[in-house]
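In the numbering used here, the protein residues as written are 691 to 1407.
Pasting the structure below:
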């Protein structure tokens, strides 16, 4: 072994690709186009699949109409132009067991790509054509004359002109040159042993040059663990530093005000609410500031839990603030919190009557003039107990006498800057306790990654008095007629309905047009004679408020709306919802929308309306997994897991982790168990070594893999 010690990721990142044989200026430029400039980039560009030569299908084994993978040799290539001036390339291939034809339309460059005698892997569907087999436009991987039982296939770029066998050759050369010094493994041996992880040198060789598929799987498992561990270390380091460096407020737990609040509730708390309140109280009573995520499905009673936390602050002589992402939602919260606290008074020994009224105020940009002055003065002198508003609450112009607890609703990226802004709102620089609420159920593994620096509480049961919502699927015009009849029946019985307009791409303008068109169609057609109103994102705030108030007061029968009603609209008398073109929405959004009904004591229905789809041959397409999942369950957490399986985690990561360069192999979906193991390992490492002084190679790796923006982003939840 060399004097220099094992090669680290940092060492590999400092060696440019042009040091490899065969990488001249042209190939160097091509590699740079696909983001590979050094040897670390190269060895972490993993194969996108592996071909097992020992049991791949031969041409003789192909079944017409079924997708398959075959390894073949090019025999001949011809090009012709079709009648409508399109190019058509015909390629004849064989593999010793038989021959077949390939046909490529409008890909003239294929003529240059295919040379006689070339070995390629084809993935596609073979069909019978003129008595023989033919594949049209299959996926082609040029594999060169790679020997070995398992052939790795790398992502290829026609534009960059890099072939999979060139990639394989460069990776092989890199690993061969690393073999003498070996590759450093920064993960503590005890953790590797406990989780049965092979070492990193073995894993890199096993993923790029496996002898068999089992070796490849063990290698993937180890390297995916590394990716997840790095992400979790960043989050756990940040979480522990926040706890260590921040001064919290120790609140009075079980004070008289909170007791009065519980006594005033018309129904007992659910088991889940009791458990969650205990978790929050443990945080409130400690010297470290709370930083907790409260996950609760639509209608699970999050507001009660939030109000209990805010009142704990008031019990100890501090103030509470509830922040919502929009003015509509802030106003909605103000209405429901005031109703909930109606008649609850604050014990006040200085008061002649021994009690004083609890003061709850709303602060948004719509509160202006004298009203605004009064609210701001009340926040500054401490006479306002609970402030409800948008982010306007933490602007510089707003001074609190002593802010103790902040509840943030549906604002997932409540980041470092906002926390700093809050810190300036307390007298002694203590950090107010923060509770972040969301009604979007998040799969466990995703919550651990996206919100990894928060503690998580889950409300997983519905309070009494909430009626389960029945979800029905109306596919096509005949069934849709039943939807409008149902709405008319409900309105005749004195109830109200929502009609949600389809999502039209990303365009708000088109969505407004679709809402106006739907309103007109229904007013003169299916729902003629009913009182209809409209709500969409482009309406001025005051118009929105007027429409919502009319609907709430029962002056409108049906509210035709875009997804602006997704969060926070609460009208207990609305018992039926029709979501048009439901297949355009994602599962989480459909679930959120559906939660706007079923908020009172009457049975409620949500109709998912879709148009019947046909395939290319004109046959009706049967089944829609998203719509079927919503019909099957109203459990948001179950749906979140289904969603992750259907969509993959791309969506989940992309909204939350813009700078996540590191999850190349790990999948929050496939590796649910691994996420938990990595999180446990991260806590074990950080709790034994808070600044990673004893794990300098791990610390260096984090520094290398995550830019400052990435770390900031990861910790911004």
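Yeah, the Cβ is synthetic: ideal placement off N, Cα and C, and Gly gets one too.
Since we're looking at a predicted model, the values are computed, not measured.
| Query | Result |
| --- | --- |
| Going along the chain, which residues of its own chain have a beta-carbon closer than 6 Å to the beta-carbon of residue 1246, five neighbours each way excluded? | 1221, 1223, 1240 |
| Just how far apart, CA to CA, sit residue 897 and residue 855? | 15 Å |
| Where do the N-terminal and C-terminal ends of the beta strand (DSSP E) with residue 1049 fall, by residue? | Counting along the chain, residue 1049 falls outside any beta strand (DSSP E), and DSSP gives it neither H nor E. |
| Should residue 1146 and residue 1136 be called a contact, given that it needs their Cβ atoms to be closer than 8 Å? | no |
| Look up residue 981 in the DSSP assignment and say whether it is helix, strand or coil. | strand |
| Could you work out which residue in 1228, 1082, 971, 955 is closest to residue 1026 when comparing CA atoms only? | 955 |
| Would you mind stating whether residue 1278 and residue 1333 have Cβ atoms separated by less than 8 Å? | yes |
| Is residue 952 helix, strand or coil when you go by DSSP? | helix |
| Please return the same chain residues whose Cβ sits closer than 7 Å to the Cβ of residue 1315, not counting the five positions on each side in sequence. | 1336 |
| Do you know how far the Cα of residue 1184 is from the Cα of residue 1174? | 16 Å |
| Taking three-plus beta-carbon pairs below 8 Å as touching, is the stretch 964 to 977 in contact with the stretch 1047 to 1067? | no |
| Residue 794 to residue 993, Cα distance in whole Å? | 59 Å |
| Taking Cβ to Cβ, would you say residue 923 is nearer than 8 Å to residue 1388? | yes |
| Ordered along the chain, which non-local residues of its own chain (more than five positions away) have a Cβ less than 6 Å from that of residue 1164? | 1170, 1173, 1297, 1299 |
| Using DSSP bridges, identify the partner residues of residue 1248. | 1187, 1222 |
| What separation, rounded to the nearest whole angstrom, lies between the Cα atoms of residue 857 and residue 939? | 57 Å |
| Residue 753: buried (16+ other C-beta within 10 angstroms of its C-beta) or exposed? | exposed |
| With a threshold of 6 Å on Cβ separation, who are the neighbours of residue 800 within its own chain once the five nearest residues in sequence on each side are excluded? | 779, 794 |
| With a CB to CB cut of under 8 Å and the five nearest residues on each side skipped, what residues in its chain are close to residue 776? | 795, 796 |
| Output the residue ranges of the beta strand (DSSP E) runs that lie fully inside the stretch 1145 to 1216 and measure 3 residues or longer, sorted by chain position. | 1145 to 1149, 1159 to 1165, 1186 to 1190 |
| My output table needs one value for residue 695: the three-state DSSP class, helix, strand or coil. | coil |
| Does the structure place the stretch 958 to 966 close enough to the stretch 1003 to 1015 that three or more beta carbon pairs sit under 8 Å? | no |
| By the 10 Å Cβ neighbour count, where 16 or more other Cβ atoms means buried, how is residue 1228 classified, buried or exposed? | exposed |
| Between the alpha carbons of residue 1202 and residue 981, how many angstroms are there, rounded? | 38 Å |
| Looking only at C-alpha atoms, which of 702, 1383, 802, 710 sits nearest to residue 859? | 710 |
| Give the C-beta separation of residue 1139 and residue 1365 to the nearest angstrom, bearing in mind that I take them to be a contact with Cβ-Cβ under 8 Å. | 6 Å |
| Quick one: which unbroken beta strand (DSSP E) runs of 3-plus residues sit fully inside the stretch 907 to 931? Chain order, please. | none |
| Which one of 1264, 1260, 1122, 1255 has the shortest CA to CA distance from residue 1248? | 1264 |
| Which residues bound the beta strand (DSSP E) around residue 824? | 822 to 826 |
| Have a look at residue 1317 and residue 1329 and give me their C-alpha separation to the nearest angstrom. | 11 Å |
| Give a yes or no on contact between the stretch 717 to 736 and the stretch 807 to 819, applying the rule of three or more CB pairs nearer than 8 Å. | no |
| I need the DSSP call for residue 1262, collapsed to helix, strand or coil. | coil |
| Are at least three pairs of beta-carbons, each pair with one atom in the stretch 1357 to 1373 and one in the stretch 910 to 926, less than 8 Å apart? | yes |
| Mind pulling the beta strand (DSSP E) runs of 3 or more residues that sit fully within the stretch 724 to 779? | 739 to 742, 757 to 771 |
| With respect to the beta strand (DSSP E) encompassing residue 1300, which residues constitute its N-terminal and C-terminal limits? | 1294 to 1300 |
| Using the beta-carbon count (16 or more within 10 Å), is residue 1214 buried or exposed? | exposed |
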